[in-house]
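To start, the structure under review is shown below, and the notes come after it.
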Amino acid sequence: MGARTILNIYGSPWLPCPPFFTVCGPTQHPLHAMQVADFFDKGTNMWNVPLVRSTFPTSVADDILSMEISSGEDKPTWHYTNHGVYTAASGYNLALSILHSENTTLSPSPWASIWKLKLSPKIKLFTWCLLKNMLSTKEALLRRHVPNSNVHCSICNCNPESIDHVFLTCLHADHVRRLSKLPLSDHSSPPRLFDRWMEAKTRL
Numbered sequence: 001m002g003a004r005t006i007l008n009i010y011g012s013p014w015l016p017c018p019p020f021f022t023v024c025g026p027t028q029h030p031l032h033a034m035q036v037a038d039f040f041d042k043g044t045n046m047w048n049v050p051l052v053r054s055t056f057p058t059s060v061a062d063d064i065l066s067m068e069i070s071s072g073e074d075k076p077t078w079h080y081t082n083h084g085v086y087t088a089a090s091g092y093n094l095a096l097s098i099l100h101s102e103n104t105t106l107s108p109s110p111w112a113s114i115w116k117l118k119l120s121p122k123i124k125l126f127t128w129c130l131l132k133n134m135l136s137t138k139e140a141l142l143r144r145h146v147p148n149s150n151v152h153c154s155i156c157n158c159n160p161e162s163i164d165h166v167f168l169t170c171l172h173a174d175h176v177r178r179l180s181k182l183p184l185s186d187h188s189s190p191p192r193l194f195d196r197w198m199e200a201k202t203r204l
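Quick note on full-length UniProt numbering: the sequence shown kicks off at 1 and runs consecutively.
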């Protein structure tokens, strides 16, 4: 990220968050006309931490603040190598990982059910990222080596904040599901991996 960046907040691939590298989800302010540089501290060419924290969800703010700001202009980099330069091997490995992910996640019928739901595109995208294990949970941030990441759940502070924990195994999540009018509670069996649990529920 360069100090003289002209990237837009929305639409530009500037976040270190595969697969889209863009800002997704709700924010505290309308950002469609804002640029990334609007969140710099002009005096120091560093992130305006209070502004970032007050504008973006915690997971997005953590990703933003993990990025260093250089003194030059923006330059495109390849996320999947340490040096930021594309190699045929890294492209091949990425393609293999995508194929493996598609072959080991939900069967076609739950995916079709999700895309046919009468929900906003943002909710459908969130669900897709959720089931692809692409959300920036604290456990995911730790894997990305984001500094100062507290891996424990912010609600129960007992277990690592993974997707399975947030939506299945956390006692508070289970309490919310049981209060819901939807048939989402597993009363007789222990929690399973989230995608298999979701697959079972979409068949109801």
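Glycine residues also receive a C-beta, built at the ideal position from the N, C-alpha and C atoms.
With 16 other Cβ atoms within 10 Å as the buried cut-off, status of residue i
{"i": "Phe39", "result": "buried"}
{"i": "Ala33", "result": "exposed"}
{"i": "Ile6", "result": "exposed"}
{"i": "Glu68", "result": "exposed"}
{"i": "Val49", "result": "exposed"}
{"i": "Phe21", "result": "exposed"}
{"i": "Ala61", "result": "buried"}
{"i": "Val36", "result": "buried"}
{"i": "Leu171", "result": "exposed"}
{"i": "Val176", "result": "exposed"}
{"i": "Leu131", "result": "buried"}
{"i": "Leu119", "result": "exposed"}
Alpha carbon of residue i to alpha carbon of residue j, nearest angstrom
{"i": "Ile163", "j": "Asp41", "result": "34 Å"}
{"i": "Thr105", "j": "Trp128", "result": "Per-residue confidence for Thr105 stands at a pLDDT of 49, beneath the threshold of 50, marking its modelled position as unreliable; the derived number appears in the next sentence. When rounded, the distance between both Cα atoms is 11 Å."}
{"i": "Thr169", "j": "Gly43", "result": "45 Å"}
{"i": "Lys122", "j": "Asn157", "result": "29 Å"}
{"i": "Ser154", "j": "Thr58", "result": "11 Å"}
{"i": "Ser90", "j": "Pro76", "result": "16 Å"}
{"i": "Trp115", "j": "Gly72", "result": "42 Å"}
{"i": "Ser136", "j": "Arg178", "result": "25 Å"}
{"i": "Leu117", "j": "Lys124", "result": "8 Å"}
{"i": "Val166", "j": "Ser54", "result": "23 Å"}
{"i": "Tyr86", "j": "Phe126", "result": "28 Å"}
{"i": "Glu161", "j": "Glu139", "result": "6 Å"}
{"i": "Gly11", "j": "Asn133", "result": "22 Å"}
{"i": "Trp78", "j": "Gly84", "result": "4 Å"}
{"i": "Ala88", "j": "Ser180", "result": "49 Å"}
{"i": "Val151", "j": "Ala173", "result": "17 Å"}
{"i": "Tyr92", "j": "Asp74", "result": "26 Å"}
{"i": "Phe56", "j": "Cys17", "result": "14 Å"}
{"i": "Ser70", "j": "Leu96", "result": "33 Å"}
{"i": "Asn45", "j": "Asn8", "result": "17 Å"}
{"i": "Arg144", "j": "Asn82", "result": "12 Å"}
Element boundaries [alpha helix (DSSP H), containing residue i]
{"i": "Pro13", "result": "Note, Pro13: premise wrong, no alpha helix (DSSP H); not H, not E."}
{"i": "Pro160", "result": "Neither: Pro160 is in no alpha helix (DSSP H) and is coded neither H nor E."}
{"i": "Val140", "result": "Sequence check: residue 140 is Ala here, not Val. Where Ala140 is concerned, the enclosing alpha helix (DSSP H) stretches over 138-143."}
{"i": "Val176", "result": "171-179"}
{"i": "Ser120", "result": "No alpha helix (DSSP H) contains Ser120, which DSSP labels as neither H nor E."}
{"i": "Thr58", "result": "58-65"}
Cβ of residue i within 8 Å of any chain C Cβ
{"i": "Ser66", "result": "No chain C appears in this structure, which consists of one protein chain only."}
Per DSSP, the bridge partner or partners of residue i
{"i": "Trp47", "result": "Phe40"}
{"i": "Phe152", "result": "The amino acid occupying residue 152 in the given sequence is His; Phe does not appear at that position. Pro160, per the DSSP bridge assignment."}
Distance between beta carbons of residue j and residue i, contact taken as under 8 Å
{"i": "Asp63", "j": "Leu142", "result": "The Cβ separation is near 13 Å, so there is no contact."}
{"i": "Tyr80", "j": "Leu94", "result": "5 Å"}
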